[in-house]
Each structure stands twice: as C-alpha cells, then as structure tokens.
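Structure first, then comments.
Structure (structure tokens):
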C-alpha cells in the first residue's frame, strides 16, 4: 500500500505557508496549494485534504510530493504545462498572422482555416484560435467608397452645418428617390416562424413591376413627406417639389438637401426653383449618400417592410410603402446628427491616407 510522504515544517515554512493560504496578493492556485501542505503537515491524508479543499486526491498527492522534494519553491509556481514551448507558439502565431494578412492562396481570394492549416502544417483549431485572438476574419469584407468630389469639404461643411445649426424661420429637409422598388411574389408558399425553426421563403420570385418612392424628411420633427410614382424623371421631381411646397408651412424657408442625380439639376427644375424663392437646394458631395439622412429612412423601410414582403401587384406594394410612411408619421422621431464637419473630415483624411498607402495588385 502506497503511503503519502510525511510533511514536517520548520517555523519559517509554516509562517510563509500560512501567509500564502490567507493572502490576497497571491494567485488562487498558490493559496490552494499552501492550504494543502498545511493540512498535510497536520497529519491529514490526501483524500481527506481533497474533500476539504475541493480537489482530486491525486492533485494533493502531486503537490505533496513536489513540496517534499523542493520545499516552498516547489509549490510557489504552477507546474509547466504540455504543448509547444512558448517561443515556438509565438513564432507560429506570427507566421499565421503574416500569411493571413499578406498572402492569398493560389486558387482562392482568401484563406479558410482549413486551407491555411494545410498550407502551414498546423491544426485547423490552431488557426481558428489565432484568428479569433487577433480579430482576423478573412471571409468577411466591407464595402466603401471615398468621395473624390473636388468640393467635398465645402459641401460637407454646408450640409452638416444645416443639421447641427438649422437657420431660423426655416425647415431643413433631406430628400431623395428610392428607385426600382420591386413588387416581388414568391413562387411557393412560405412556412411560418415556429419554436425551434425560423420562417422560410423561396429564393426565387416572380416580378410584378416596380415603383419609385419620392420621400423627404423634416429634420426638426422627423415627419416624412412621400409619394410613389412610376418613373423618376425631372417631371416627377418637380411634381414632388410641389407636394413639399403644399405640405409645409408657407411662412418658412425650405433648405433641401439632395444628391447629385442629374434629375435634380435639370434646367426645368432650376427654372422652377428660381420661381419658388423659399426653396434653397444644398447638394451633398458625390459618393456620400451616408450624408443624406433620408437614406436612413429608406434602409429602415426596406428592412422592415419591403425586403421580406410578398406583393402580387404594384398597387399592393404602394399600399405597403405608404402604410409604412403613415405609421412612421403617427409618432415621428427626429434624426439627431451628432458628428461635426471637422470630425468627419479628419476621419475621411485618415481613410484616404490608408487608401493611398495600400499595396496594389
């Protein structure tokens, strides 16, 4: 029968172990090990110590033997763990990061954990751990577009100034068209959402026509003026401007924020605006749709009402779109713009610098 080694402590060892077992500046494991040895010195068996501390008996035996051999130094630090040496792991991690960020596989646009593991001769889980620890996701990509408008800063300052400091006795209105909204009907019935299963929708569909939504949002109240029309020429745009004119207080100037679509700059549109002095048009920089707040409303409309909708005709689609607008206007919430022009210019400047310095090929 195997007998546990007897532990006899001198005065210094007992004082040190007692401090470790009660101290808050030592690790939990070190505090636990000190308690094991103190109980062992009091004559307790390994299984009794294990039950009292809440560990396995063989764990107590391992640390008991280690203390008997090395004394205090034997339990002060954790036992060395298995696996690759630390410097080898660090070199391998560095190699995985470099390969992921600076190279691509011969017959693909990006690495997968499986392909990179095979390339480097490591486990797939190793690649996954390194990617996760370093925030690397080669399978994802974000789209972007930096404006090359030569008057970018002037237009930005103008529009953001209207958002942050609207003029007195005036309304700031963000307006645009959402073109080619499709009335799509699915080819087969969808299954409803039930516990344990998401709803379903066929990937193919039947096209039943399109409509164009003209919309403008009042930045003060968040109310939306809207109309659906079959086309989006300058004639429809003028018709929508007349609607804005009719649905806003006559004693207020209107500062209209729009994009650079040719329809908005048509000679007949300019002539109409010249006759209606309370309209003041402000163009956002090219490739800067994010600066036009109405785009946020369009996104919400698409996600909440259109994208997963089933429409058997254009009138059915128009009813759904205008119903969403009506619901929004029952309790409108103004969109609060927070970013200053200087903050945006600084961020865009960093992006341009990164883009200019990016490797080509």
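In our numbering, the protein residues as written are 380 to 740.
Glycine residues also receive a C-beta, built at the ideal position from the N, C-alpha and C atoms.
Which two residues bound the contiguous beta strand (DSSP E) that contains residue i?
{"i": "residue 555", "result": "549–565"}
{"i": "residue 584", "result": "584–597"}
{"i": "residue 635", "result": "632–637"}
{"i": "residue 608", "result": "603–608"}
{"i": "residue 661", "result": "658–662"}
In angstroms with no decimal places, state the Cα-to-Cα distance between residue i and residue j.
{"i": "residue 632", "j": "residue 519", "result": "46 Å"}
{"i": "residue 380", "j": "residue 503", "result": "The predicted position of residue 380 is uncertain, since its pLDDT is 46 and thus under 50; no value can be drawn from it."}
{"i": "residue 727", "j": "residue 438", "result": "58 Å"}
{"i": "residue 565", "j": "residue 578", "result": "14 Å"}
{"i": "residue 576", "j": "residue 570", "result": "10 Å"}
{"i": "residue 510", "j": "residue 524", "result": "27 Å"}
{"i": "residue 446", "j": "residue 513", "result": "39 Å"}
{"i": "residue 474", "j": "residue 731", "result": "29 Å"}
{"i": "residue 412", "j": "residue 498", "result": "43 Å"}
{"i": "residue 556", "j": "residue 563", "result": "20 Å"}
{"i": "residue 663", "j": "residue 638", "result": "5 Å"}
{"i": "residue 479", "j": "residue 532", "result": "36 Å"}
{"i": "residue 590", "j": "residue 722", "result": "37 Å"}
Please classify residue i: is it buried, with 16 or more other beta-carbons within 10 angstroms of its beta-carbon, or exposed?
{"i": "residue 389", "result": "exposed"}
{"i": "residue 670", "result": "buried"}
{"i": "residue 325", "result": "In this structure the chain extends from 380 to 740, so residue 325 is not present and cannot be described."}
{"i": "residue 675", "result": "exposed"}
{"i": "residue 482", "result": "exposed"}
{"i": "residue 650", "result": "exposed"}
{"i": "residue 729", "result": "exposed"}
Taking C-alpha atoms, which residue in the options lies nearest to residue i?
{"i": "residue 536", "options": "385, 667, 703", "result": "667"}
{"i": "residue 618", "options": "642, 581, 430", "result": "642"}
{"i": "residue 689", "options": "420, 713, 583", "result": "583"}
{"i": "residue 539", "options": "494, 702, 598, 548", "result": "598"}
{"i": "residue 698", "options": "470, 621, 443, 560", "result": "560"}
{"i": "residue 626", "options": "651, 431, 594, 702", "result": "594"}
{"i": "residue 387", "options": "406, 493, 419, 708", "result": "419"}
{"i": "residue 677", "options": "660, 700, 655, 694", "result": "700"}
{"i": "residue 451", "options": "716, 616, 417", "result": "417"}
{"i": "residue 693", "options": "736, 449, 630, 592", "result": "592"}
Looking at the unbroken alpha helix (DSSP H) that takes in residue i, where does it start and where does it end?
{"i": "residue 690", "result": "From DSSP, residue 690 is part of no alpha helix (DSSP H); its letter is neither H nor E."}
{"i": "residue 573", "result": "That residue, residue 573, is in no alpha helix (DSSP H); it is neither H nor E in DSSP."}
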